[in-house]
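Residue numbering for the sequence shown follows the numbering used here, beginning at 326 and increasing consecutively.
Using N, Cα and C, we set each Cβ at its ideal position, and we do this for glycine too.
The model shown is predicted, which means the values in this text are computed figures rather than measured ones.
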Amino acid sequence: MGTVRRLTRLTVSAWVAATVVFAATESSRLRAGTPAQQLSLPAQVGARIFVDKSLSASGQLACATCHDPAHAYGPSNDLAVQLGGPDMSLPGTRAVPSLRYKDFTQPYADVAVNPDGVSAPGPGGGFTWDGRADTLAAQAQIPLLAPNEMANASPADVVNKLQRSAYADLFRAAFGSDVFSDTAQAFQSALDALQAYQLEDDDFHPYSSKFDLYADNKIGGTLTASEERGREIFDDPNRGNCFACHYAGAAANGSSQLFTDFSFEAISVPRNADIPANADPTYFDMGICSRPDHPLPDSAPFCGMFKTPTLRNVAIRKVFFHNGKMKSLHQVLEFYNTRDTHPELWYPTVNGVVQKFDDLPAQYQANIDPQLPLDGRAAGSPPPMSEQDLVDLEAFLDTLTDADVANQVSSAPAVPALGTNGSAVRTLMLMLLTVGLLSVTRWGASRVGRDPRQLGSTSGGANRPCMVSTRAARSALRTRYVRPGSPPRPGRLA
Ligand code: HEC
Ligand code: HEC
326 MGTVRRLTRL
336 TVSAWVAATV
346 VFAATESSRL
356 RAGTPAQQLS
366 LPAQVGARIF
376 VDKSLSASGQ
386 LACATCHDPA
396 HAYGPSNDLA
406 VQLGGPDMSL
416 PGTRAVPSLR
426 YKDFTQPYAD
436 VAVNPDGVSA
446 PGPGGGFTWD
456 GRADTLAAQA
466 QIPLLAPNEM
476 ANASPADVVN
486 KLQRSAYADL
496 FRAAFGSDVF
506 SDTAQAFQSA
516 LDALQAYQLE
526 DDDFHPYSSK
536 FDLYADNKIG
546 GTLTASEERG
556 REIFDDPNRG
566 NCFACHYAGA
576 AANGSSQLFT
586 DFSFEAISVP
596 RNADIPANAD
606 PTYFDMGICS
616 RPDHPLPDSA
626 PFCGMFKTPT
636 LRNVAIRKVF
646 FHNGKMKSLH
656 QVLEFYNTRD
666 THPELWYPTV
676 NGVVQKFDDL
686 PAQYQANIDP
696 QLPLDGRAAG
706 SPPPMSEQDL
716 VDLEAFLDTL
726 TDADVANQVS
736 SAPAVPALGT
746 NGSAVRTLML
756 MLLTVGLLSV
766 TRWGASRVGR
776 DPRQLGSTSG
786 GANRPCMVST
796 RAARSALRTR
806 YVRPGSPPRP
816 GRLA
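So this is what it looks like as structure tokens:
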């Protein structure tokens with residue numbers, strides 16, 4: 326009896342000691358970076374699956390092929406969409422997102438609470454550009470089974486390959502020695518493994534950017550004058566207004582500065598002819614309302630809405646937006662600034678008429694968000710930001726790049742990249758126009774003794790009477806987005 330009790334006590338103390346050691350190694354791992362071998366067993370399996378090309382029908386595609394760890398788990402090339410399928414000839418339909426900073430993503434809801442605490446609830450959360458996967462595990466089965474991606478015929482197909490893999494024993498150690506006897510169970514374990522890997526490995530959320538040093542008041546975090554001006558523009562409701570969607574404040578579960586509020590908005594990125602699916606004029610990728618669980622006509626208020634992505638590491642991307650239409654960060658910023666003032670730079674002109682919002686059928690264009698900087702102002706009116714503002718904004722966005730990929734940020738001075746067809750003449754004309762406008766603004770500013778940058782912003786910004794630029798206006802709009810049949814969740818607003 327006594328011996329048994331002593332043995333029990335010994336076991337318990339050994340267990341406690343082991344837990345303490347484990348916790349200590351865990352916290353030192355969190356402090357000191359991430360040797361992969363210290364991940365949990367499931368996460369270690371996930372790390373092996375992530376790079377395993379044999380899990381694709383072509384034998385040439387792993388998660389890491391599209392989500393390249395050397396490129397912040399985003400694409401390494403500038404293709405709008407990647408090729409996949411059994412012989413690597415089938416194109417995708419959307420640009421590959423980075424997998425960094427996804428760990429705080431909540432499941433999708435039509436009426437999700439907005440982390441900023443002031444916006445009315447609206448569509449938010451979820452994985453992929455349309456939010457259709459609730460968890461990282463649920464997401465992982467999409468590429469494994471998609472005919473134009475890893476193209477496995479079935480979960481059993483994946484499980485057979487796992488069973489023959491070099492890490493089959495590790496898989497058994499992580500999920501049980503008989504895990505392969507139940508196909509559904511084994512497949513789910515693989516998905517869980519991928520989720521554990523993405524959640525546990527700090528390489529998916531290193532917080533090692535210059536911005537993090539700045540935010541933590543650490544050495545190396547002093548912003549240059551241009552970066553600081555860019556930060557102000559980002560946060561300025563009358564100029565960039567970027568923070569309104571790419572929210573950088575505190576959010577759920579202790580997260581902070583993720584540069585997204587996880588909300589969905591329609592900003593009407595131009596149609597991209599580089600996506601083969603777009604050759605069919607009746608095909609439209611409409612985001613949420615293209616999801617099988619959001620059928621038309623009920624889901625019409627969701628058409629055109631895509632997830633607001635984080636802007637961390639955006640500066641190293643070579644394609645931007647859900648359809649990869651834009652090819653440089655500067656071009657994205659020019660789009661935000663001149664979509665409404667110079668729509669002809671972005672959308673095709675047919676018989677002298679600019680086909681504005683050409684990738685969203687007319688009946689859904691009321692869903693387009695009316696906030697600054699895309700506030701729907703008249704063509705030909707001054708844009709909300711100056712060219713210098715855009716240069717500063719880009720400098721600030723560069724600071725959101727993690728240390729391991731910082732050398733991929735182009736250090737070349739930002740070249741104006743106006744329009745999607747890159748017409749040099751138009752670019753020059755618009756530059757001259759902007760310079761002209763700026764000089765007039767400066768002249769005006771000097772006459773009334775105000776900071777030209779401020780005047781520049783208000784001249785195209787808040788004083789315009791019909792402008793909808795506030796968060797409140799957006800909230801009012803949001804209430805329209807409530808999906809029929811899904812009552813707002815009571816009491817969720819802070
Ligand atoms: C052929 C390229 C390709 C491969 C291979 C691939 N993905 Fe993706 N991944 C994409 C694209 C494209 C999207 C966006 C899909 C969409 O919006 O419908 C995406 C989205 C994601 C997302 C959602 C990110 C977000 O911002 O919400 C996660 C997570 C992800 N992939 C993980 C994986 C994992 C894990 C694997 C391996 C099992 C994998 N991917 C394999 C192309 C790929
Ligand atoms: C009304 C909400 C909203 C505002 C305001 C906003 N964005 Fe966005 N942003 C989005 C959405 C939604 C997307 C994805 C759109 C798509 O792909 O169709 C996006 C995409 C982007 C992308 C592409 C990221 C990628 O991974 O491809 C960049 C860069 C970006 N925004 C920067 C900015 C900047 C800079 C500002 C301020 C000048 C800004 N945004 C203002 C909602 C917003």
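Collapsed DSSP secondary structure at residue i in the structure displayed
i, result
"residue 658", "helix"
"residue 364", "coil"
"residue 588", "strand"
"residue 409", "strand"
"residue 429", "coil"
"residue 681", "coil"
"residue 424", "coil"
"residue 545", "coil"
"residue 508", "helix"
"residue 478", "coil"
"residue 537", "helix"
"residue 600", "coil"
"residue 646", "coil"
"residue 458", "strand"
"residue 448", "strand"
"residue 652", "coil"
"residue 625", "helix"
"residue 694", "coil"
Residue i Cβ short of 7 Å to ligand 2 heavy atom set
i, result
"residue 300", "Since the first residue of the chain shown is 326 and the last is 819, residue 300 is not available in this structure."
"residue 391", "no"
"residue 658", "yes"
"residue 636", "yes"
"residue 571", "yes"
"residue 642", "yes"
"residue 595", "no"
Heavy atom of ligand 1 within 7 Å of residue i beta-carbon
i, result
"residue 567", "no"
"residue 386", "yes"
"residue 437", "no"
"residue 421", "yes"
"residue 474", "yes"
"residue 417", "yes"
"residue 452", "yes"
"residue 427", "yes"
"residue 586", "no"
Cut-off 6 Å between Cβ atoms - residues of its own chain near residue i, not counting five sequence neighbours on either side
i, result
"residue 646", "594"
"residue 449", "437, 587 and 588"
Cα-Cα separation between residue i and residue j, rounded to whole angstroms
i, j, result
"residue 517", "residue 486", "17 Å"
"residue 660", "residue 686", "20 Å"
"residue 583", "residue 615", "26 Å"
"residue 558", "residue 710", "9 Å"
"residue 639", "residue 722", "7 Å"
"residue 484", "residue 695", "48 Å"
"residue 568", "residue 574", "9 Å"
"residue 680", "residue 672", "6 Å"
"residue 570", "residue 585", "6 Å"
"residue 544", "residue 550", "17 Å"
"residue 399", "residue 553", "27 Å"
Sequence-distant residues of its chain with Cβ nearer than 7 Å to residue i (five each side left out)
i, result
"residue 580", "429"
Sequence-distant residues of the same chain with beta carbon closer than 8 Å to residue i, five excluded per side
i, result
"residue 519", "371, 374, 375, 388, 461, 462 and 465"
"residue 414", "408"
"residue 384", "378"
Short CB-CB distance (under 8 Å) between residue i and chain D
i, result
"residue 707", "Of the protein chains in this structure there is only one, and it is not chain D."
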